[in-house]
Structure formats: C-alpha cells, structure tokens
C-alpha cells in the first residue's frame, strides 16, 4: 500500500481578538487544530482587527474524494 501524501493548507482568521480566540477554541473542540499551532494575533492595521494564521498538513486522497462524492450526492457541488 502506498504511503499517504500530504499537502499544506493555510487558514487565516480575521476579527476582533475575542472572535479570533473563540474561533481557535472552537476548532480545537472540533479536534481540528491545537491552539498552540496558531500564530499569535497579528494586528491588521484596521481598527479592532487582528488575524491569526494556522499552517497545517492535510492528507491527500481518499477522504477528500469521499467528501466530494458526499457533497455531490447532497447537491452541494
């Protein structure tokens, strides 16, 4: 069986400090990303707005294909 291949994705969350922190906590509760994997909040230059960045490796292959088929079957694609 071939070893799985991965690709890198980058998530960027923009909002107030509270909104960004709450989003990071939610993604942790959903077992998607550890809060320590995110950057510290970075000011954007806009009033009351920061951004945080997460770079994550995700597996290519079967799961993505299965998700695409499921969405297509549900008419979301």
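Residue numbers (our numbering): 966 to 1042. Beta carbons: idealized from backbone N, C-alpha and C, even for Gly.
Rank the options by C-alpha distance to the C-alpha of residue i and give the top, closest one.
{"i": "residue 1023", "options": "998, 1017, 988", "result": "998"}
{"i": "residue 1010", "options": "970, 968, 979", "result": "979"}
{"i": "residue 1018", "options": "1025, 1003, 1012, 1008", "result": "1003"}
{"i": "residue 1005", "options": "970, 985, 1012", "result": "985"}
{"i": "residue 976", "options": "1026, 1016, 1025", "result": "1016"}
By how many angstroms is the C-alpha of residue j removed from the C-alpha of residue i?
{"i": "residue 996", "j": "residue 988", "result": "13 Å"}
{"i": "residue 968", "j": "residue 1037", "result": "27 Å"}
{"i": "residue 1000", "j": "residue 1039", "result": "32 Å"}
{"i": "residue 971", "j": "residue 1020", "result": "13 Å"}
{"i": "residue 1026", "j": "residue 983", "result": "35 Å"}
Got a sec? Which residues, its chain only, sit under 8 Å from residue i by beta carbon, not counting five neighbours each side?
{"i": "residue 1014", "result": "979, 980, 981, 1008"}
{"i": "residue 990", "result": "1000"}
Worksheet item: Taking only runs of the alpha helix (DSSP H) that begin and end inside the region 967 to 1032, which ones reach a length of at least 4 residues, in chain order?
Response: If we require 4 residues or more, the alpha helix (DSSP H) runs fully inside the region 967 to 1032 come out as 982 to 994.
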